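257 is the number of the first residue of the sequence shown in the numbering used here; add one for each residue after it.
Here's the structure we're looking at; comments come further down.
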Amino acid sequence: MKKLLFLALLFSTSLLFSQKSKVQEGDWKNLKGITEYNLVFDYANLEIPKYDSEEDFLKDKMAKRDEKEPGTGEKFKESWFADRENRYEPKFIESFNKRFDDGEIKVDKDLGDAEYTMKVHTTLIFAGYNVGVSRRPSKIDAVISVYKNDNPDTVIFSVKYANAEGSGAMGYDFDSGYRISESYAKLAKTFAKDLSKKTK
């Protein structure tokens with residue numbers, strides 16, 4: 257009986273924290289036939305759980321690191337921003353494109369031949385943690401919007417994803433940047449799957 261209760265709890269918990277999506281504007285069918293997207297990333301007005309702003313989050317994390325080892329706070333801040341271009345964005349691109357082995361649909365930054373832009377606006381980042389005896393995956397929320405390059409004010413489709421979780425295999429994800437990059441991989445995988453399925 258206890259085993260059944262545990263399994264039921266585990267199943268309900270996984271449902272509670274599973275990635276969710278909600279169309280904000282347009283319809284999936286509006287993307288039918290588009291084979292290339294010029295990709296842009298936006299981190300404006302980023303929400304960090306338990307903090308009033310991203311700035312407050314950085315101040316707190318930098319102060320704690322500097323208290324333990326002077327100078328490490330600034331390094332944390334530099335890596336926090338550098339990880340976007342160096343880790344998160346490449347991970348999204350790689351994860352999305354590998355869902356289309358024959359190149360039916362492709363995304364990339366500065367994709368010159370693409371007529372449409374896909375904007376990935378990250379609205380929330382939770383870095384998660386791994387301290388050995390206890391761990392929680394990272395998660396991100398994001399809005400993915402599509403518009404013609406020459407008409408950015410007219411969004412033809414927009415969808416919001418919540419709780420894209422990221423963690424490393426076998427628990428080896430002590431680095432927050434790595435965990436967050438895995439959230440972007442998950443986001444791209446889910447969006448590519450939805451795109452393939454819902455535009456048929």
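Yeah, the Cβ is synthetic: ideal placement off N, Cα and C, and Gly gets one too.
In this text, all values refer to a predicted model and were calculated from it rather than measured experimentally.
When the options are compared against residue i, the one with the closest alpha-carbon
i: SER423; options: GLY384, LYS278, THR291, GLY282; result: GLY384
i: ASP298; options: PHE337, LYS445, SER452; result: PHE337
i: ASN419; options: VAL399, ASN407, TYR434; result: VAL399
i: LYS454; options: LEU367, ASP369, LYS288; result: LYS288
i: GLU371; options: PRO393, ASP357, PRO408, ASN342; result: PRO408
i: ASP397; options: GLY282, ALA300, ASP283; result: ALA300
i: ALA444; options: LYS456, TYR434, TYR417; result: TYR417
i: VAL402; options: HIS377, PRO346, GLU325; result: HIS377
i: GLU438; options: GLU345, MET318, THR379; result: GLU345
i: LYS278; options: VAL363, SER414, ASP357; result: SER414
i: ASP366; options: GLY327, LYS276, VAL296; result: VAL296
i: GLN275; options: TYR434, LYS395, ASN286, ASN405; result: LYS395
i: ARG435; options: ARG391, ASP406, THR446; result: ARG391
i: ARG340; options: GLU360, ASN353, LEU302, ASP316; result: LEU302
i: GLU281; options: ILE412, ALA448, ALA441; result: ILE412
i: PHE332; options: SER432, ILE304, ASP406; result: SER432
i: PHE447; options: ILE381, SER335, ARG355; result: ARG355
i: THR373; options: GLU292, LYS315, ASP358; result: GLU292
i: GLU360; options: LEU380, MET318, LYS285, ILE290; result: ILE290
i: ASP406; options: ASN294, GLU311, PHE348; result: ASN294
i: SER335; options: LEU380, ASN353, ASP308, MET318; result: MET318
i: LYS442; options: LYS456, GLU310, ILE349, VAL363; result: ILE349
Counted within 10 angstroms of its Cβ, other Cβ atoms place residue i as buried (16 or more) or exposed
i: LYS306; result: exposed
i: LYS320; result: exposed
i: PRO326; result: exposed
i: GLY368; result: exposed
i: GLU421; result: buried
i: SER452; result: exposed
i: VAL387; result: exposed
i: PHE329; result: For the sequence presented, residue 329 should be read as Gly rather than Phe. Buried is the call here.
i: LYS285; result: exposed
N- and C-terminal bounds of the beta strand (DSSP E) containing residue i
i: GLU334; result: Element bounds for GLU334: not the beta strand (DSSP E) but the alpha helix (DSSP H), 328-339.
i: LEU302; result: LEU302 -> no beta strand (DSSP E), and no H or E assigned at all.
i: LYS278; result: 276-282
i: ASN294; result: 292-298
Limits of the alpha helix (DSSP H) - the one that residue i falls within
i: ALA383; result: Careful: ALA383 lies outside any alpha helix (DSSP H) and carries neither H nor E.
i: LEU314; result: 310-324
i: TYR434; result: 432-454
i: SER423; result: Element bounds for SER423: n/a, residue is neither H nor E.
i: SER390; result: Neither: SER390 is in no alpha helix (DSSP H) and is coded neither H nor E.
i: LYS362; result: Run containing LYS362: none in the alpha helix (DSSP H); it sits in the beta strand (DSSP E), 362-364.
i: GLU371; result: Premise fails: GLU371 is in no alpha helix (DSSP H) and is neither H nor E.
i: LYS347; result: 345-353
Residue i beta carbon near the ligand GTP (any heavy atom closer than 7 Å)
i: LYS404; result: The model on display carries no ligand, and the ligand GTP is accordingly not part of it.
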